[in-house]
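Going line by line, the protein sequences match chains F and H.
At position 72 of the first sequence the residue is numbered 81 (the numbering used here), and the sequence of numbers has no breaks.
At position 84 of the second sequence the residue is numbered 90 (the numbering used here), and the sequence of numbers has no breaks.
Just so you know, even glycine gets a beta-carbon here, dropped at the ideal spot from N, CA and C.
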Amino acid sequence: DSGVTQTPKHLITATGQRVTLRCSPRSGDLSVYWYQQSLDQGLQFLIQYYNGEERAKGNILERFSAQQFPDLHSELNLSSLELGDSALYFCASSGEGLAGGETQYFGPGTRLLVL
Amino acid sequence: GEDVEQSLFLSVREGDSSVINCTYTDSSSTYLYWYKQEPGAGLQLLTYIFSNMDMKQDQRLTVLLNKKDKHLSLRIADTQTGDSAIYFCAEMDSGYALNFGKGTSLLVTP
């Protein structure tokens with residue numbers, strides 16, 4: 010158990026809908042990262058937050074957004090969903106995440122299926 | 007981002023050593039990681055190595071880093087059936103994100 014929790018574990022929805030994925034980092038970790046794992050693209054970094062502020066952005070679509078709240082939990086919002094958004098979405102957390110080298114611990118993931 | 011390359015599949019007999027190879031292209035990577043993913047599960051951190059090291063050993067795991075060739079390997083000694091999983095090599099990019107390879111599926115047969 011990494012200490013990172015994600016809810017829900019599974020999510021089934023329809024195209025055009027909007028969903029919210031939730032992540033609670035390990036106790037004391039300030040950085041939260043979101044990754045998408047799909048069969049064709051593999052594991053891709055989406056976005057990072059540090060202590061409530063956006064820190065780095067990867068291949069995140071404009072239809073997707075995220076935020077980190079004062080209690081450090083984070084939410085990833087996916088809107089106008091398309092079939093191709095079906096994937097496993099991971100959250101990871103780390104301590105400082107500033108100078109690099111801070112190990113990222115991953116949650117169990119949320120499996121999203123868009124029908 | 008830069009590509010991290012791994013072979014897709016490896017099969018070994020129980021008790022043998024497994025060697026999973028990875029090449030990366032970002033010479034500025036300061037840390038390189040190995041993660042394990044079992045079916046239906048998340049990513050479990052196995053080990054990592056700092057770029058100024060050549061080798062790191064942790065129980066049955068040995069990581070070798072050749073910075074000149076940008077080559078990383080993970081050796082699992084005395085491989086067990088419970089080691090069957092997908093192994094991901096990852097580099098930390100110049101920001102803070104991990105850049106992953108496609109993963110190597112390790113199958114351990116009795």
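Task: Within 7 Å of chain H by C-beta, residues of the segment 56 to 68 of chain F in sequence order - done: Gln57, Arg64, Ala65 and Gly67
Open item on the list: Output needed in chain order: residues of the segment 85 to 112 of chain H with a Cβ under 9 Å from some Cβ in chain F.
Closed with: Phe94, Ala96, Met98, Asp99, Ser100, Gly101, Tyr102, Ala103, Leu104, Asn105, Phe106, Gly107, Lys108 and Gly109
TODO: State the DSSP-derived secondary structure class of Gly51(F), mapped to helix, strand or coil.
DONE: strand
Open item on the list: Would Leu78(H) pass as an interface residue toward chain F - the criterion being a Cβ-Cβ separation below 8 Å?
Closed with: no
- [ ] Pull up the DSSP beta-bridge partners for Gln43(H), would you.
- [x] Beta-bridge pairing links Gln43(H) to Leu49(H) and Ile92(H).
- [ ] Note down, in chain order, all residues in the segment 76 to 90 of chain F with a beta-carbon under 8 Å from any beta-carbon belonging to chain H.
- [x] none
Open item on the list: By alpha-carbon positions, which one of Gln43(H), Arg66(H), Thr36(H) and Arg19(H) ends up nearest to Asn58(H)?
Closed with: Among Gln43(H), Arg66(H), Thr36(H) and Arg19(H), the Cα nearest to that of Asn58(H) belongs to Thr36(H).
- [ ] Anything in chain F within Cβ reach of Leu51(H), meaning under 9 Å, just list it in chain order.
- [x] Ser11, Thr112, Gln113, Tyr114 and Phe115
Open item on the list: Per the DSSP calculation, His82(F) is bridged to which residue(s)?
Closed with: Partner(s): none; His82(F) has no beta bridge.
TODO: Could you have a look at Thr29(F) and say whether DSSP puts it in helix, strand or coil?
DONE: strand
TODO: Flag this pair as yes or no: are the beta carbons of Ala96(F) and Tyr42(F) separated by less than 8 Å?
DONE: If you check the CB distance, Ala96(F) and Tyr42(F) do not come in under 8 Å.
Open item on the list: Helix, strand or coil, according to DSSP, for Leu14(H) in the structure here?
Closed with: coil
Task: Closest Cα partner of Ala75(F) within the set Gln57(F), Ser89(F), Glu91(F) and Asn68(F) - done: Gln57(F)
TODO: Output the boundary residues of the beta strand (DSSP E) element that contains Phe61(H).
DONE: The residue you asked about is not Phe; residue 61(H) is Met in the sequence shown. That run of the beta strand (DSSP E) goes Met61 to Asp64.
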